[in-house]
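*Asks:* In the numbering used here, the protein residues as written are 1040 to 1626.
Ideal Cβ positions, reconstructed from N, Cα and C, are used throughout, including at glycine.
Source: prediction; values computed, not measured.
Take this structure, written in structure tokens, and hold onto it; I'll ask about it next.
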Amino acid sequence: MDKLMQEELQIKDELQSQLLDATIMMIDDEKINMEVVKAYLENAGYRRFVLVEKSTEAMDVLNETKPDILLLDLIMPEVSGFEILTKVRANPIFKHLSLIVLTSSDDTETKLKALELGATDFLAKPVDPSELLLRLRNTLGAKAYMDQLAYFDPLTKLPNRHRFFERFDWALKKAKRHNDNVALLHIELDNFNKINDTIGLEAGDEILFLVARRIESVIRDTDILWNDSGDDEEMVNVFRLDGNVFSLLLDRIEKSENAALVAERISEVIRKPINLHNREIYITASIGIAVYPGENTDCYAMLKLASSAKDFVKNKGGDAIQFSSMEINNMYERRLSLESRLRKALENDEFLLHYQPKVNIETNQIEGVEALVRWNNGQDGLVPPYEFIHLAEETGLIIPIGEWVLHTAVAQLEKWNQEGIQSISMSVNLSMKQIEAADFLAKVGNTIDQSSINPRHLILEVTESLLMNDIEGKINIMKSLREMGTKLSIDDFGTGYSSLSYLSRLPVDELKIDRSFVMNMLHDNQISAVVSTIIFLANSFGLQTVAEGVEKRGELLFLQEKQCKQYQGYLFSKPLPESELSGLLKK
Ligand code: C2E
Ligand code: CA
Ligand code: CA
1040 MDKLMQEELQ IKDELQSQLL DATIMMIDDE KINMEVVKAY LENAGYRRFV LVEKSTEAMD
1100 VLNETKPDIL LLDLIMPEVS GFEILTKVRA NPIFKHLSLI VLTSSDDTET KLKALELGAT
1160 DFLAKPVDPS ELLLRLRNTL GAKAYMDQLA YFDPLTKLPN RHRFFERFDW ALKKAKRHND
1220 NVALLHIELD NFNKINDTIG LEAGDEILFL VARRIESVIR DTDILWNDSG DDEEMVNVFR
1280 LDGNVFSLLL DRIEKSENAA LVAERISEVI RKPINLHNRE IYITASIGIA VYPGENTDCY
1340 AMLKLASSAK DFVKNKGGDA IQFSSMEINN MYERRLSLES RLRKALENDE FLLHYQPKVN
1400 IETNQIEGVE ALVRWNNGQD GLVPPYEFIH LAEETGLIIP IGEWVLHTAV AQLEKWNQEG
1460 IQSISMSVNL SMKQIEAADF LAKVGNTIDQ SSINPRHLIL EVTESLLMND IEGKINIMKS
1520 LREMGTKLSI DDFGTGYSSL SYLSRLPVDE LKIDRSFVMN MLHDNQISAV VSTIIFLANS
1580 FGLQTVAEGV EKRGELLFLQ EKQCKQYQGY LFSKPLPESE LSGLLKK
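So, in structure tokens, the structure goes:
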């Protein structure tokens, strides 16, 4: 805490001179009024002014420039001062902005109304210069503004280093008490000195200001990541530590790895060209990340770790992200490399399908197969779906991959038909993202039309959790699929949230009892009761029942007794490549 107190004293010394750095914004439809006031104030040492003549532009300029104080004319054409005042106070960022209303009206009513709407003070027009100076100093010198100065960087309007350590210290203590995660992003703009040298210090300042706004915009857009606390003042945890270094505190994220997602978006927005005085400027950032509880230490040490992680990427050329913990960094890099290889997998023809028989429980005949995708990416051999389907969904790649699967499975079925294997069905898994794509139904329709298969032999599997939101919309899509002649199956049945009672409303043909039930039904009475009930109800609704993951003879006997219709599982066969399965089918 000593360090904090030292900094505090030093900051108080600087405050007085900083008052004159305040950005003063004026909104008045008569430009001359503003010029006169500006001249007085310049004379008194103030340096930063923003003049707005068109009241319609007021809110935009306010957002862009974030002034420290606003002098507002009340009577203007188009948008009145009252309207602006109301908007300013309704905005969480400007809720506490110092705001002096200028009015030529003697009317007490008007003055009262202005105060009621949240004006800090008012002044009569024409403005008396000495009175204006006094009011300005009072307002700016008031506690709220002094705090603002002590804690905020006047250039970027971001909270400063001092505020950062306070917040960070508090967040870490809280996280240690509640076992939360905290991530610290240390963001340094690459080659900033070179930029300053070529375009000048003033333009450099403008860039810092713009970059601050871009980082803030990412935070606002990713607020799904936070467990919302509803406290708008603490919402933006972006700080300017010094020079070209920003930091971002993520103290409300679910997993510390999520910090990488935020960091990637920040890199992205910083990389977008900045248009400054008709020049395009390109900058990048090096980002180091330290996470608690990964690094169990205090805020100074964590800052050091994040900073050296940042130096590490900076030395490799910048424009990259690095975690301080090697372990997390390895995870992050694996994901990155998996993602880039997955992007190329379709072009490189690296996917293939394996087929697992669906077998009649009574006759032990193969009645159908389920197509299960595999990724042969050379270096790791066959990658199972659980290692890449999730990533494919996150990145949207599941849409082209899913299309490929459907197309390939239908072509395979057609081939078997031509070889004389006629009455077999083909099951294909669909993911949520795929179904939600606008042209999904048309794509399925085309695939069916262009093949000679009987659509009744195509079974589309959707998981139960898919029905969780927008049920009505999903039911409509399912109905359309059935109108094309395909059958629908609910995969992993029993693991989701649907109640058995609304089964009757769903346009489905088949239920697949999840492997987790089959696996445990022989040892757990409750589970065996659930399985019996599912089979009983499905049978009474006339639905096909399929048990997944049958590995043991005893499981098969139980399912037979309960009158389940089909099973799938290692007991009969693992998913097999085409060549091996064709042999089984022809037997
Ligand atoms: P799922 O649809 O529930 O597929 C059944 C999974 O259980 C398959 O794993 C299968 O190999 C495995 N399995 C079958 N019988 C047994 C058994 O007796 N014991 C054990 N331990 N496992 C058994 P797989 O192929 O790894 O697929 C995993 C999941 O990946 C699938 O679960 C499905 O949700 C998804 N998936 C696979 N292919 C596709 C696809 O083309 N598109 C989409 N969207 N998802 C797919
Ligand atoms: Ca399935
Ligand atoms: Ca399943």
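Is it buried or exposed, K1070, if we count other Cβ atoms within 10 angstroms and call 16 or more buried?
*Replies:* By 1-based counting over the sequence shown, the position of residue 1070 is 31. Under this definition K1070 is an exposed residue.
*Asks:* Which first and last residues belong to the beta strand (DSSP E) in which I1460 is found?
*Replies:* Here residue 1460 is taken as the residue at index 421 of the sequence shown, counted from 1. Unbroken run through I1460: none, as it is neither H nor E.
*Asks:* Alpha carbons only, please: which of A1329, N1335, A1359 is nearest the one belonging to T1323?
*Replies:* Locating residue 1323 in the sequence shown gives position 284, where the first residue counts as 1. For the residues A1329, N1335, A1359, the minimum Cα distance to T1323 belongs to A1359.
*Asks:* Are the CB atoms of L1224 and I1326 within a distance shorter than 8 Å?
*Replies:* The residue you call residue 1326 lines up with position 287 of the sequence shown. The residue you call residue 1224 lines up with position 185 of the sequence shown. It is a contact, given that the beta carbons lie within the stated cut-off.
*Asks:* With DSSP as the reference, label N1010 as helix, strand or coil.
*Replies:* Outside the modelled stretch of the chain, which goes from 1040 to 1626, sits residue 1010, for which no answer is possible.
*Asks:* Cutting at 7 Å between CB atoms, please list the residues of its own chain near S1464, excluding the five before and the five after it.
*Replies:* Counting from one through the sequence shown, the residue named residue 1464 turns up at place 425. The answer, listed in chain order, is E1406, G1407, H1496, I1498.
*Asks:* Return yes when the C-beta of E1409 is under 7 Å from any heavy atom of ligand 2, and no when it is not.
*Replies:* Here residue 1409 refers to the residue found at position 370 of the sequence shown. Result yes, Cβ under 7 Å from ligand 2.
*Asks:* What is the DSSP secondary structure of H1496, reduced to helix, strand or coil?
*Replies:* Position 457 of the sequence shown, counted from the start, is the residue given in the question as residue 1496. In the structure shown, H1496 sits in a helix (DSSP, three-state: H, G or I).
*Asks:* What do you reckon, are the CB atoms on D1553 and F1575 nearer than 8 Å?
*Replies:* Working through the sequence shown from its first residue, we reach residue 1553 at position 514. Working through the sequence shown from its first residue, we reach residue 1575 at position 536. The answer is no: Cβ separation not under 8 Å.
*Asks:* Classify N1266 as helix, strand or coil using the three-state DSSP reduction.
*Replies:* Position 227 of the sequence shown holds residue 1266. With a pLDDT of 43 at N1266, under the threshold of 50, the modelled position of this residue cannot be trusted, and the question is left open.
*Asks:* Rounded to whole angstroms, what is the Cα-Cα separation between L1520 and S1376?
*Replies:* Looking up residue 1520 in the sequence shown gives position 481. Looking up residue 1376 in the sequence shown gives position 337. Answer to the nearest angstrom: the Cα atoms are 36 Å apart.
*Asks:* Can you check which of these residues, I1234, D1290, M1517, is closest to D1548 by C-alpha distance?
*Replies:* Along the sequence shown, one-based indexing puts residue 1548 at 509. D1548 has its Cα closest to that of M1517, out of I1234, D1290, M1517.
*Asks:* Within the continuous beta strand (DSSP E) that includes N1415, where are the two ends?
*Replies:* As a first step, residue 1415 is located in the sequence shown; it is residue number 376 there, counting from the start. Here the beta strand (DSSP E) through N1415 covers 1405 to 1415.
*Asks:* Kindly indicate which residue of F1161, Y1085, L1090, V1557 has the alpha-carbon position closest to the one of D1068.
*Replies:* Position 29 of the sequence shown holds residue 1068. That would be L1090, whose Cα lies nearest to the Cα of D1068.
*Asks:* Can you give, in chain order, each stretch of the beta strand (DSSP E) that sits fully within the segment 1313 to 1377 and has at least 3 residues?
*Replies:* Fully enclosed beta strand (DSSP E) runs of 3 or longer: 1313 to 1315, 1318 to 1320, 1324 to 1331, 1359 to 1362.
*Asks:* Nearest-angstrom Cα distance between N1369 and Y1339?
*Replies:* Your numbering for residue 1369 matches position 330 in the sequence shown. Your numbering for residue 1339 matches position 300 in the sequence shown. Whole-angstrom Cα-Cα distance: 24 Å.
*Asks:* Look up Y1190 in the DSSP assignment and give the residues it is bridged to.
*Replies:* One-based indexing of the sequence shown puts residue 1190 at position 151. BP columns for Y1190 are empty, so no partner.
*Asks:* What is the DSSP secondary structure of Q1602, reduced to helix, strand or coil?
*Replies:* The residue given as residue 1602 occupies position 563 in the sequence shown. Of the three classes helix, strand and coil, the one that applies to Q1602 here is coil, per DSSP.
*Asks:* Would F1278 and L1197 be called neighbours here (beta carbons separated by less than 8 Å)?
*Replies:* Counted from its first residue, the sequence shown places residue 1278 at position 239. Counted from its first residue, the sequence shown places residue 1197 at position 158. Contact flag set, yes.
*Asks:* What residue ranges within the segment 1193 to 1265 form continuous alpha helix (DSSP H) runs of no fewer than 4 residues, ordered along the chain?
*Replies:* Within the segment 1193 to 1265, the complete alpha helix (DSSP H) runs of at least 4 residues are 1200 to 1217, 1231 to 1238, 1240 to 1260.
*Asks:* My guess is that V1127 and F1133 are in contact by the Cβ rule of under 8 Å, so how many angstroms apart are they, rounded?
*Replies:* Counting from one through the sequence shown, the residue named residue 1127 turns up at place 88. Counting from one through the sequence shown, the residue named residue 1133 turns up at place 94. Indeed, because the Cβ distance is near 5 Å, the residues count as touching under 8 Å.
*Asks:* To test your reading of the DSSP string, which unbroken beta strand (DSSP E) runs of 3 or more residues are found completely within the segment 1510 to 1586?
*Replies:* Segments of the beta strand (DSSP E) lying fully in the segment 1510 to 1586: 1526 to 1532, 1549 to 1552, 1583 to 1586.
*Asks:* Would the segment 1385 to 1403 count as touching the segment 1413 to 1429 if we require 3 or more Cβ pairs under 8 Å?
*Replies:* They touch, by the three-pair rule.
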